[in-house]
Amino acid sequence: MKKAITPNVVSSAELEYYRRPVVQKDVDIELFHQKILGFHKDNRRSFPWRETTDRYAIMVSEIMLQQTQADRVTEKYQAWMRRFPDIRTLADASLRDVLALWSGLGYNSRGQRLQNCAREIEDRFNGVVPSLPTELKTLPGIGDYTCRSIPVFADNLDVAAVDTNIRRIIIHEFALPEDISKSQIQAVAEQLLPIGRSRLWHNALMDYGALFLTSRNTGIRPLTKQSKFEGSKRWYRGRLLKELVARDCVFVEEIHEKYGSCPWGLQEILDDLLREGLVEEADWSNRQGGRVLRIRAR
DNA sequence: ATCCGGAACG
DNA sequence: CGTTCAGGAT
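Residues 1 to 298 (full-length UniProt numbering) are what the first sequence spells out, left to right.
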């Protein structure tokens, strides 16, 4: 049985401070700022997306970082930015190229949605990534966290973006219940934000959570839980999509032969891929002795 | 509330 | 081998 670390790693006076439900007084918040920023001064991670304020580049990194460890994103991000350096290039690319570069990151729909973001930005925002959370939120694959994190890191905007690290830190440091609502956490995060230092603050919190106040150390579990992957429906879907990316097109019959061992409805998986627009039926399908599928051409 | 990937870690 | 991960859509 692992023992979770307790907040009183420093002093009992600090413990008393941390145990307060929600801190309102400026002096207490100032103490918390010093604690986090002080830690960050000596323990900061280095990532390529921290070297830019280009909003498109930040958007790419934030989508890639969704549910993916930061260390694992670095190389993918660099390859992506070389191949798709700007909105226009990404909007004009083929979905096959997009998925090929996404390969290995997981949750392939994120890659597709990122491209759809680029296409919508071309159409609706004159090719310029929006700067406001309310506008970003209307784009595919950009939700409550990402619509805030992009302006935070690109523009130093004073809004609070709560990811799994920041949620865990707030729950632990202020001894809040784990089942606290998203809106409650959001409210606390907004109170804690040091105005004018949003980018630095969010980087500091995330480094603090990733390097020190980890899930393992605190015993605080993340919101999302996954069923076993090996042999799962997602596992077959991933393999299937990977093969479709590698090949021009595939007969449905061939898919059933190759993945006949799939205990899940293979047809259901294919229907999902078709419905989501990742895969399409070739227009010359059926004239070739059966249905033919391929990655959506456009 | 469930589904969406896949790699890395202890 | 179970858990985690700068979440989002349905």
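For every residue, glycine included, the Cβ atom is placed at its ideal position computed from N, Cα and C.
Between which two residues does the beta strand (DSSP E) holding residue i run?
i: arginine 294; result: 292–295
In this structure, does DSSP put residue i in helix, strand or coil?
i: phenylalanine 251; result: strand
i: glutamate 120; result: helix
i: glutamate 276; result: coil
i: arginine 221; result: coil
i: glycine 111; result: helix
i: glutamate 30; result: helix
i: leucine 99; result: helix
i: glycine 238; result: helix
i: serine 141; result: According to the sequence as given, residue 141 is glycine; it is not serine. DSSP places glycine 141 in coil when its eight states are reduced to three.
Excluding the 5 residues preceding and the 5 following residue i in the sequence, name in chain order all residues of the same chain whose CB lies nearer than 6 angstroms to its CB.
i: tryptophan 201; result: Pro194
i: alanine 297; result: none
i: threonine 146; result: Glu62
i: alanine 118; result: Ile87, Leu90, Ala91
What do you reckon, is the C-beta of residue i under 8 angstroms from a heavy atom of the ligand ZN?
i: proline 85; result: Absent from the structure shown: the ligand ZN. Ligands present: none.
Enumerate in chain order the residues of its own chain whose CB-to-CB distance from residue i is below 7 angstroms, with the five nearest sequence positions on each side excluded.
i: serine 285; result: Arg291, Val292
i: methionine 81; result: Ala57, Val60
i: leucine 192; result: Ile29, Phe32
i: arginine 168; result: Gly209, Leu213, Ser215, Thr218, Ile220
If you drop the 5 nearest sequence neighbours on each side, which residues of the same chain put their C-beta closer than 8 angstroms to that of residue i?
i: residue 300; result: Lying before the first or after the last residue shown, residue 300 is absent from the chain, which here runs from 1 to 298.
i: glutamine 67; result: Gly106, Tyr107, Thr224
i: aspartate 97; result: Arg83
i: aspartate 245; result: It should be pointed out that residue 245 corresponds to valine in this sequence rather than to aspartate. Excluding residues within five positions, the ones whose Cβ falls inside 8 angstroms are Arg96, Leu99, Ala100, Ser103, Ile295.
i: arginine 221; result: Glu178, Ser215
i: glutamine 78; result: Pro48
Return the bridge partner residues of residue i from the DSSP annotation.
i: glutamate 281; result: Leu293
Are there 16 or more other CB atoms within 10 angstroms of the CB of residue i, so buried, or fewer, so exposed?
i: serine 198; result: buried
i: phenylalanine 229; result: exposed
i: aspartate 179; result: exposed
i: arginine 148; result: buried
i: glycine 277; result: exposed
i: lysine 41; result: exposed
i: alanine 187; result: exposed
i: asparagine 43; result: exposed
i: histidine 256; result: exposed
I'd like the span of the alpha helix (DSSP H) that includes residue i, first residue to last.
i: serine 183; result: 182–192
i: alanine 57; result: 55–65
i: isoleucine 166; result: 164–173
i: asparagine 203; result: 198–211
i: residue 324; result: For residue 324 there is no data in the structure shown, the boundaries of the chain being 1 and 298.
i: phenylalanine 153; result: 146–155
i: lysine 76; result: 70–83
i: threonine 134; result: 133–136
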